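Position one of the first sequence corresponds to residue 97 (this note's numbering), numbered consecutively onward.
Backbone N, C-alpha and C define an ideal beta-carbon position, used for all residues, glycine too.
Every value quoted in this text rests on a predicted model; they were computed, and no experiment measured them.
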Amino acid sequence: MPELPEVETIRRQLQQFITGKRIKEVEVTTPQILLHISPADFQQRLRGTVFTSFSRQGKFLLCHMNGGELTILIHFRMTGRLFYGTPSAIDKTHTHISFWLDNGRLLCYNDVRKLGKIELIKGKLVNNFAKLKSLGPDSLSPDFTPQLLYNTLQGSRRQVKDLLLDQHRIAGLGNIYASEALFDCGVHPQKRAHTLSSEEGEGLHRSILKILHLAIESRGCSIANYVDLAGERGAYQRLRRVYQREGEPCYRCGELICRIKQHGRSTYFCPRCQQ
DNA sequence: CCCGGCGCCTGAGGGC
DNA sequence: TGCCCTCAGGCGCCGG
């Protein structure tokens with residue numbers, strides 16, 4: 097479930113429903129999901145702690161426990177999800193980590209492909225955590241300005257779509273929203289980043305924000321298997337203009353949407369609207 | 001720095 | 001029905 101809007105949707109729901117809840121017990125059925133910590137240690141450290149708040153950096157979800165004493169860091173990769181509900185209501189197929197809460201409900205990490213990762217960060221180390229520090233500015237943070245994007249583009253000879261997927265430059269965009277944003281501003285995905293004009297840079301910046309806000313309003317994109325905390329699908333897939341529309345007419349000009357491969361990943365674009 | 005390839009995993013869908 | 005291939009919202013590592 098991966099990109100920024102989906103993680104943000106989950107974060108908001110956690111903030112609303114899980115804040116203040118205490119963990120009674122932790123169940124680890126698939127240890128490989130845990131990074132740099134044993135199941136026993138993970139359980140022991142989290143037992144009895146309270147969910148204080150939830151934040152997000154790019155596609156990382158941070159669950160702050162006991163006012164920041166500990167942070168659970170979650171990356172969903174391709175198919176990770178979180179479910180919240182009563183034990184009888186939750187389908188435990190592909191559930192790897194379960195948090196039993198003091199209200200009798202369960203918060204479960206579910207992941208068909210088991211590519212997602214969960215780790216624990218102690219106290220103030222969060223601000224120094226290498227993995228988070230190496231991220232570029234979050235696409236929705238005030239640091240992500242038109243000027244910053246333009247400077248980033250100027251500093252790279254890579255294809256612009258490839259650059260947009262690099263979390264160390266800009267954090268949050270994934271394969272769907274990168275294609276959608278480039279279509280929205282009419283920039284060809286294979287254009288070299290440094291060749292974009294400042295107007296194109298500004299247009300791209302505007303489109304990224306527009307697409308991300310629209311996707312969050314739609315509570316994410318459920319082309320494949322993404323669902324939110326309550327198991328509900330998002331609605332953005334109905335608004336997408338190019339992603340997975342190969343061979344279908346462009347909504348703007350009628351030309352057929354193309355699919356190309358960039359670094360092993362599909363990119364969708366309109367050859368007429370994106371020159 | 002940049003790029004391509006592989007590995008991590010499972011499941012869905014298409015061609016034969 | 002089965003097999004084999006490709007593909008999938010991601011990312012880290014390695015070698016050239």
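Determine the burial state of residue i: buried for a count of at least 16 other Cβ atoms within 10 Å of its Cβ, exposed for fewer.
i: His301; result: buried
i: Cys204; result: buried
i: Cys349; result: exposed
i: Met370; result: The residue asked about is misnamed: residue 370 is Gln in this sequence, not Met. When all chains shown are included, Gln370 counts as buried.
i: Asp187; result: exposed
i: Glu342; result: exposed
i: Gln263; result: buried
i: Ser362; result: exposed
i: His359; result: exposed
i: Asn206; result: buried
i: Val208; result: exposed
i: Pro238; result: exposed
i: Asp324; result: buried
i: Ile319; result: exposed
i: Pro98; result: buried
i: Leu158; result: buried
i: Ser194; result: buried
i: Leu221; result: exposed
Please check the pair residue i and residue j, which I expect to be a contact at CB under 8 angstroms, by giving their CB distance rounded to whole angstroms.
i: Ile353; j: Glu344; result: 6 angstroms
i: Val256; j: Leu245; result: Contact flag wrong, Cβ pair sits at about 10 angstroms.
i: Leu231; j: Gln153; result: 6 angstroms
i: Leu166; j: Gly116; result: The Cβ separation is near 16 angstroms, so there is no contact.
i: Gly268; j: Leu236; result: 7 angstroms
i: Ser275; j: Phe365; result: 7 angstroms
i: Tyr273; j: Ala311; result: 7 angstroms
So what does residue i bridge to, in DSSP terms?
i: Tyr364; result: Arg355
i: Val146; result: Arg118
i: Asp234; result: Ala267
i: Phe55; result: Summary: the structure shown does not reach residue 55, with the chain confined to residues 97 through 371, and so no result is reported for it.
i: Leu166; result: Met161 and Lys218
i: Arg108; result: Paired residues: none, contrary to the question.
i: Pro345; result: Leu352
i: Gly316; result: Gly316 is not bridged to any residue.
i: Arg177; result: Asn206
i: Arg288; result: Gln255
Could you tell me if the beta carbon of residue i falls within a distance shorter than 6 angstroms of some heavy atom in the ligand MG?
i: Arg201; result: The ligand content of the structure shown is nil, which means the ligand MG is not present either.
Can you find at least 3 beta carbon pairs, one from the stretch 129-136 and one from the stretch 103-113, that sit closer than 8 angstroms? no
If we require 3 or more residues per run, which beta strand (DSSP E) segments fall completely within the stretch 116-144? 119-124
Count the CB pairs spanning the stretch 141-154 and the stretch 283-293 that are closer than 8 angstroms, and state whether there are at least three. With contact defined as three or more Cβ pairs closer than 8 angstroms, the stretch 141-154 and the stretch 283-293 are not in contact.
Using 8 angstroms as the cut-off, can you tell me whether the stretch 292-309 makes contact with the stretch 272-282, which would need three or more C-beta pairs spanning the two stretches below that distance? yes
Segments of 4+ residues assigned as alpha helix (DSSP H) that fall wholly inside the stretch 190-265: 226-229, 242-250 and 256-260
Evaluate contact between the stretch 211-218 and the stretch 170-189, counting only Cβ atoms and requiring at least three cross-stretch pairs below 8 angstroms. Cβ pair count under 8 angstroms is three or more, so yes.
Contact between the stretch 329-339 and the stretch 120-134: three or more CB pairs below 8 angstroms? no
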